[in-house]
């Protein structure tokens, strides 16, 4: 299985991976900048980032599929 196919074949796993990576990155930024982790702020960031990333990826895949069908 290629990395590009994970979103299509295992969407729950792909979404969880994106959420986990974005949470780790945001927590690291909070620790470096503030020294304190705000769980509500982190959860909001993870939710928005994951929705935008997964939604954008699906939209781009749909466009690519439409173009290749023509």
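Residue numbers (our numbering): 108 to 177.
Backbone N, C-alpha and C define an ideal beta-carbon position, used for all residues, glycine too.
None of these values were measured; they are calculated from a predicted model.
So the candidates are the options; which of them puts its Cα closest to the Cα of residue i?
i, options, result
"residue 152", "112, 137 and 168", "137"
"residue 122", "162, 149 and 142", "162"
So, at 6 Å on beta carbons, what are the nonlocal neighbours of residue i in its own chain, with the 5 sequence-adjacent residues on each side left out?
i, result
"residue 160", "125"
If residue i and residue j are in contact, beta carbons under 8 Å, what's the gap, nearest whole angstrom?
i, j, result
"residue 149", "residue 130", "6 Å"
"residue 144", "residue 155", "Rounded, the Cβ-Cβ distance is 17 Å, inconsistent with contact."
Please return the same chain residues whose Cβ sits closer than 7 Å to the Cβ of residue i, not counting the five positions on each side in sequence.
i, result
"residue 113", "120 and 121"
query: What runs of the beta strand (DSSP E), each 3 residues or longer, lie entirely inside the region 125–159?
result: none
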